[in-house]
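First comes the structure, then the notes that go with it.
Residue numbers (full-length UniProt numbering): 1 to 228.
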């Protein structure tokens, strides 16, 4: 079987090898125990990040951002959660690549021990070294993406906490004023009064010393309806 290219797209540096004379070897591959811990942690991180993104994006229109600082923090938080999810996917691809390289390395090692032809041993040794090199590169890759996933998630959590604190400490949004203008008939005159139905404050339309129209705050007795 000809191996003209490796899985990475580069030309295979090792010569071709006739496999028909070799007994297939499929050794049991034992991944490092810590890799399973990393995988479990990645499951949690990606799941939590995805849930936080779903909740945040679905309620973004209902979150009051009072300052540009809060908007920047919220945007950074969303970006970090997205990086967490993307790094988690890349981490899984990298550990799959790592497992495949380990399988190839162990297979060529088993073949090397079971043959006697010097030419075949040299070819298999070349392929074994290449698989070993690829496995170390894949190990470095999944370590990088795991670290990126972990740190981006931590930054996102800090940003989420700051966003929630900013929302809770933000001043309450004032209710819109509901103003009513009416005319009160008083003997020998008519008075125009402005009423704020939200706060029950009232103003009387009058003139100042320069005969300019102004709204003067007044108090009205709620029982008699007369100006105090």
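In this text, a Cβ means the ideal position worked out from N, Cα and C, and glycines have one as well.
Query: Smallest Cα separation from residue 124: which of 140, 136, 107?; Result: 107
Query: Check whether the Cβ atoms of residue 214 and residue 202 sit closer than 8 Å, and answer yes or no.; Result: no
Query: Looking at residue 163 and residue 73, is the spacing between their C-beta atoms short of 8 Å?; Result: yes
Query: Can you check whether the CB of residue 77 is closer than 8 Å to the CB of residue 160?; Result: yes
Query: Starting from the Cα of residue 52, find the closest Cα among 89, 80, 136 and give me that residue.; Result: 80
Query: Mind checking whether residue 104 and residue 138 have CB atoms under 8 Å apart?; Result: no
Query: Can you list, in chain order, the residues of its chain with a C-beta nearer than 7 Å to that of residue 90? Leave out the 5 residues immediately preceding and following it.; Result: 145
Query: Taking only the alpha-carbon atoms, compute the straight-line gap between residue 149 and residue 70 and give it to the nearest angstrom.; Result: 24 Å
Query: I'd like the list of long-range same chain contacts for residue 217, defined as Cβ closer than 6 Å, with 5 residues on each side in sequence excluded.; Result: 203
Query: Let me check understanding here. Comparing Cα to Cα, which of 58, 194, 46, 153 lies closest to residue 219?; Result: 194
Query: Cβ of residue 35 within 8 Å of Cβ of residue 153?; Result: no
Query: Looking at the strands, I want to know which residues DSSP matches up with residue 216.; Result: 204
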